[in-house]
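Counting in the working numbering, the sequence shown runs from 9 upward without gaps. Think of the CB as a built atom: it goes at the ideal place given N, C-alpha and C, for glycine as much as any other residue. Right, one structure below, let's go through it.
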Amino acid sequence: MAASVEHAGETPAGKAVSRWSGASREQAVQRMFTAIAGWYDLNNSLLSFGLHYRWKAMAVRHVPACARGRGLDVGAGTGDLALLLQRRMGEGGRTVAVDLNEAMLRVGAKKIARRGLAGRIACVRMNAECLVFPDAAFDAVTAGFCIRNVGDRPRAFREIHRVLNAGGCFVCLEFSQPVSAWLRRLYDWYSFRVLPAVGTWVAADHTDVYHYLPESIRTFPDQEHLAAMLRDAGFSRVAYHNVSGGIVAVHVAVK
Ligand SMILES: C[S@@+](CC[C@H](N)C(=O)[O-])C[C@H]1O[C@@H](n2cnc3c(N)ncnc32)[C@H](O)[C@@H]1O
């Protein structure tokens with residue numbers, strides 16, 4: 009089946025990002041991901057030493073397996089997590105992969121079509137802050153490395169909570185705060201020195217995305233604060249699991 013990206017919803021104005029003066033956060037995020045979409049998978053593998061596949065596989069294991077389930081992957085990008093989520097949705101299950109960025113989603117839609125899953129995973133351009141789905145439309149929602157880039161995170165969490173069934177779970181995979189001081193120092197050196205240089209060179213990128221990345225990680229809420237935000241959005245049971253020493257964390261929130 010052919011790869012296709014549908015469109016839905018409006019994009020509300022975002023907040024300004026300090027280093028991108030005058031530009032809205034969403035416009036800046038859009039520009040960055042559009043510029044690197046074709047290189048995103050390669051750079052992800054290089055810069056994480058292939059670990060991102062393992063992180064995604066670990067995250068999706070927290071989604072209870074269903075039969076004929078309905079899954080939603082928010083900020084799906086090039087589709088890795090949506091593909092894994094679809095497996096958890098079982099025979100007859102369906103997944104929707106949504107992302108604000110058309111270029112990223114196009115790469116994802118092609119990958120999904122190559123795996124013969126275009127009939128089961130729909131790719132739709134949509135903002136996490138205003139999901140167009142009815143209440144309780146999904147059994148599970150995932151978000152991999154997306155929430156950090158969202159302008160109004162409380163709003164996105166409320167939307168994710170709204171579209172989940174009662175008892176449904178949201179699994180959020182994000183960069184977080186390494187738990188030990190030596191790992192934090194090593195990680196700071198890697199993410200502020202090595203990562204921007206390699207990422208920018210591989211993607212021949214001029215949008216500063218690989219400088220934005222470590223900065224966005226440093227300013228993102230730590231494990232406890234993110235858990236508190238999820239509770240504030242209405243989730244009743246929230247737990248998190250540190251992976252790779254807390255470089256990433258998987259938050260599991262149940263409605
Ligand atoms: C770092 S990529 C992660 C892609 C994929 N989930 C993965 O794990 O490889 C972040 C994605 O989040 C998307 N994104 C950022 N803000 C968004 C928003 N408000 N609504 C939907 N998607 C958003 C970006 O366009 C980008 O594709």
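ask   = Under a three-way DSSP split, which group does G176 fall into?
value = If DSSP states are grouped into helix, strand and coil, G176 belongs with the strands.
request  = Report the three-state DSSP secondary structure of N135 (helix, strand or coil).
outcome  = Look at N135 here: in three-state DSSP terms it is coil, with no helix or strand label.
query = Counting only runs that start and end within the region 184 to 263, where is the beta strand (DSSP E) found for 3 or more residues in a row?
reply = Counting only runs of 3 or more, we get 245 to 251 and 256 to 262.
key: Boundaries of the beta strand (DSSP E) in which D88 is found, first to last residue   = Where D88 is concerned, there is no enclosing beta strand (DSSP E), although the alpha helix (DSSP H) around it starts and stops at D88 to R96.
query = Helix, strand or coil: which one does DSSP assign to D143?
reply = The answer is coil: DSSP assigns D143 none of H, G, I, E or B.
message = Let me check you understand the geometry: is the CB of G176 closer than 6 Å to at least one non-hydrogen atom of ligand 1?
response = Between ligand 1 and G176, a heavy atom-to-CB distance of less than 6 Å is absent.
task = Evaluate E34 with the Cβ neighbour count: other Cβ atoms within 10 Å of its Cβ, from every protein chain shown; 16 or more gives buried, anything less gives exposed.
result = Buried is the call here.
inquiry  = Considering only the alpha carbon of each residue, which of R201, V251, V171 and L221 lies closest to F243?
reply    = Closest option to F243, Cα to Cα, is V171.
ask   = By the 10 Å Cβ neighbour count, where 16 or more other Cβ atoms means buried, how is F183 classified, buried or exposed?
value = With 16 or more other Cβ atoms inside 10 Å of its own Cβ, F183 counts as buried.
query = DSSP state of E1, grouped into three classes?
reply = Given that the chain is displayed from residue 9 to residue 263, the structure contains no residue 1 and the question cannot be resolved.
task = Could you pull out every residue in the same chain whose Cβ sits closer than 6 Å to the Cβ of L89, ignoring the five residues on either side in sequence?
result = K64, D81, T150 and G152.
ask   = Near V71, what residues of its chain come up, given a Cβ to Cβ distance below 6 Å and the 5 sequence neighbours on each side ignored?
value = Around V71: R96, A148 and V179.
task = Could you spell out where the beta strand (DSSP E) holding G127 opens and where it closes?
result = Where G127 is concerned, there is no enclosing beta strand (DSSP E), because DSSP gives it neither an H nor an E.
message = For T86, tell me which candidate among C177, W47 and L181 has the shortest Cα-Cα distance.
response = With distances taken between Cα atoms, T86 lies closest to W47.
query = Is L50 near ligand 1, with its Cβ less than 6 Å from a heavy atom?
reply = False, no ligand heavy atom lies under 6 Å from that Cβ.
query = Exposed or buried, which one is Y248 when buried takes at least 16 other CB atoms within 10 Å?
reply = Around the beta carbon of Y248, 16 or more other beta carbons sit within 10 angstroms, so the residue counts as buried.
task = Can you give me the Cβ contacts of R161 inside the same chain, cut-off strictly under 7 Å, excluding the 5 residues immediately before and after it?
result = Cβ within range, chain order: I155 and M237.
request  = Report, in whole angstroms, the separation of the C-beta atoms of T42 and A111, which I expect to be a contact under 8 Å.
outcome  = The Cβ separation is near 4 Å, so the contact holds.
query = What three-state label does DSSP hand D49 in the structure shown?
reply = Shown here, D49 sits in a helix according to DSSP, grouped into three states.
Any non-hydrogen atom of ligand 2 within 6 Å of V37 CB = Ligand 2 is absent from the structure shown, which contains only ligand 1.
key: Per-residue burial, M9 [other beta carbons within 10 Å of its own, 16 or more giving buried]   = The pLDDT assigned to M9 is 40, lower than 50, so where the model puts this residue is not dependable, and the model offers no usable value.
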